[in-house]
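Each residue of the sequence shown is one higher than the one before, counting from 1 in full-length UniProt numbering.
Reviewing the structure listed below.
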Amino acid sequence: MCYTCGFKMHFSSVSPKLLLQLCISTIHSIFASVFSKVRYWTAGGCKGSVSVLPAAAAAAAAADSKLNQSKDRDATTPTSVNYHFTRKCNYKCGFCFHTAKTSFVLPLEEAQRGLKLLKESGMEKINFSGGEPFLHEKGEFLGEMVQFCKQDLQLPSVSIVSNGSMIKEKWFQKYGAYLDILAVSCDSFDEATNQLIGRAQGRKSHLENLYKIRNWCQQYKVAFKINSVINTFNIDEDMSEHIMELNPVRWKVFQCLLIDGENAGQDALREAERFVISDQQFQEFLDRHSNVSCLVPESNEKMRNSYLILDEYMRFLDCREGRKDPSKSILDVGVKEAICFSGFDEKMFLKRGGKYVWSKADMKLEW
1 MCYTCGFKMH FSSVSPKLLL QLCISTIHSI FASVFSKVRY WTAGGCKGSV SVLPAAAAAA
61 AAADSKLNQS KDRDATTPTS VNYHFTRKCN YKCGFCFHTA KTSFVLPLEE AQRGLKLLKE
121 SGMEKINFSG GEPFLHEKGE FLGEMVQFCK QDLQLPSVSI VSNGSMIKEK WFQKYGAYLD
181 ILAVSCDSFD EATNQLIGRA QGRKSHLENL YKIRNWCQQY KVAFKINSVI NTFNIDEDMS
241 EHIMELNPVR WKVFQCLLID GENAGQDALR EAERFVISDQ QFQEFLDRHS NVSCLVPESN
301 EKMRNSYLIL DEYMRFLDCR EGRKDPSKSI LDVGVKEAIC FSGFDEKMFL KRGGKYVWSK
361 ADMKLEW
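Below, the structure written as structure tokens:
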């Protein structure tokens, strides 16, 4: 018996050369038969028939489908997104961690396309930031996006973070109805301290703008919020009286954070090391203001990975390594793929109170 070919013969009666030729010929026939069947299956000729290979392929396809469904269930939903659509700013805050490394701003149509993709992926809240978001086109670009998100996309919450210096009343008249929350950054209620920090433009009063904008928010029915970065220059200040007088819906209190390439390191545009405070100092500030009911504290631990941040190219920024590593743009690869590289910690997002009553229609405020 030739075990290679399966033929029964008397080896003594067949020359070695002939035997080798018979084996090779038989092997060729086997491969030709297999190749023909594979082509038949690939072309769809086996539809309706029962065979082992298509059944195995179907089982593999079903397993892949279940795996993809599992991945879809586990995929991060961009519930709340911070879109830093511009890096340009008229202030020079010494601890800024999103600096003017580029002057790029997407065309409005492309920005709206990206916002639509985010809404289709589950976004409920969009926050526009910078840089200073009112600087580009004197706030018109921002206003168009705010209106688009509320009117066209029907988002539950549309908010802005601004330094307040560029906001005019006519902007509220035109776009205020589409805005849920306006947060104004204020790190001190002492003008000299704001000057030292860099939260100022020339000799203009930052605090005058703050109170003026608070009144406009009241008049045009926009929820008012204050953001403060606690650092070496304001760590000993007691802001309780001013905060309670302004009565914001939320007072977000951040611990000064270092980000390599932004406000720390060789390629940074800021040197924020001199602004950094310890965890204990931050806690002491919080204890001093424990009577302020609207205070929402955010330490470095809570802040670093609990925000979904889009840069000016609509790339998610991963801060897990202490720097901002960009994903590919959602405009190029979609939200589902890009968000995998965001470094987003959804558990910390929920732990720090990232999801709250953020639609002004649900806040039941007395205007």
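In this text, a Cβ means the ideal position worked out from N, Cα and C, and glycines have one as well.
No experiment lies behind these values; they were computed from the predicted model shown.
Classification of residue i by the beta-carbon crowding that lies within 10 angstroms, buried from 16 upward
i       : result
Leu-350 : exposed
Val-81  : buried
Thr-99  : buried
Val-50  : Bear in mind that a pLDDT of 39 at Val-50, under 50, signals an unreliable position, so the model cannot answer this.
Trp-358 : buried
Ser-278 : exposed
Phe-104 : exposed
Arg-199 : buried
Ser-327 : buried
Arg-274 : exposed
Asn-247 : exposed
Tyr-83  : buried
Tyr-356 : exposed
Leu-308 : buried
Thr-102 : exposed
Leu-269 : exposed
Phe-227 : A small fix is needed here, since residue 227 is Asn in this sequence, not Phe. When all chains shown are included, Asn-227 counts as buried.
Asn-234 : buried
Ser-306 : buried
Asp-236 : exposed
Lys-150 : buried
Ser-205 : exposed
Asp-311 : buried
Lys-347 : exposed
Beta-carbon contacts of residue i that lie in its chain and below 6 Å, excluding the five residues immediately before and after
i           : result
residue 376 : Since the first and last residues shown for the chain are 1 and 367, residue 376 lies out of range.
Glu-124     : Thr-79 and Pro-156
Arg-250     : Lys-225, Cys-294 and Val-296
Asn-163     : Tyr-91, Glu-132 and Ser-185
Tyr-313     : Ser-329
Arg-73      : Low confidence applies here, because Arg-73 scores a pLDDT of 46, under 50, leaving its location unreliable; read the following figure in that light. There are no such residues.
Ala-338     : Phe-316, Ser-327, Lys-328 and Ile-330
Gln-112     : Phe-148
Arg-304     : Cys-319
Which residues DSSP lists as bridging residue i, in chain order
i       : result
Glu-110 : Note: Glu-110 sits in no beta bridge, so no partner.
Val-184 : Ser-162 and Ile-226
Ser-80  : Lys-125
Arg-323 : Asp-260
Ser-329 : Arg-315
Ser-157 : Lys-125
Sequence-distant residues of its chain with Cβ nearer than 8 Å to residue i (five each side left out)
i       : result
Val-222 : Phe-172, Gly-176, Leu-179, Asp-180, Ile-181, Leu-182, Trp-216 and Lys-360
His-289 : Asp-238, Met-239, Ser-240, Ile-243, Val-253 and Leu-295
Ser-299 : Gln-255, Asp-279 and Phe-282
Leu-258 : Phe-97, Ala-264, Ala-272, Glu-273, Val-276 and Gly-322
Leu-196 : Phe-233
Val-146 : Phe-128, Val-158, Ile-160, Tyr-175, Tyr-178 and Leu-179
Glu-169 : Trp-216
Simplified DSSP assignment, three categories, for residue i
i       : result
Asp-362 : helix
Asp-152 : helix
Asp-345 : coil
Lys-168 : coil
Phe-141 : helix
Val-335 : helix
Lys-92  : coil
Glu-120 : helix
His-136 : helix
Lys-351 : helix
Lys-101 : coil
Val-357 : coil
Ser-115 : Here the sequence assigns Leu to residue 115, which means Ser is not the residue at that position. Of the three classes helix, strand and coil, the one that applies to Leu-115 here is helix, per DSSP.
Ala-75  : coil
Gly-130 : coil
Sequence-distant residues of its chain with Cβ nearer than 7 Å to residue i (five each side left out)
i       : result
Leu-153 : Leu-115, Lys-116 and Lys-119
Val-229 : Phe-95, Asp-187, Phe-254 and Cys-256
Asp-267 : Gly-261
Leu-210 : Gly-164, Val-184 and Cys-186
Val-161 : Asn-127, Ser-129, Ala-183, Ser-185 and Asn-227
Asn-291 : Ser-240
Gly-354 : Ser-80 and Ser-306
Leu-108 : Phe-141 and Glu-144
4-residue-minimum alpha helix (DSSP H) runs that sit fully inside the region 248 to 316, ordered along the chain: With a minimum length of 4 residues, the continuous alpha helix (DSSP H) runs that stay inside the region 248 to 316 are 279 to 288 and 300 to 303.
Which full runs of the beta strand (DSSP E) of 3+ residues lie inside the region 190 to 257, going along the chain? Runs of the beta strand (DSSP E) inside the region 190 to 257: 223 to 230 and 250 to 255.
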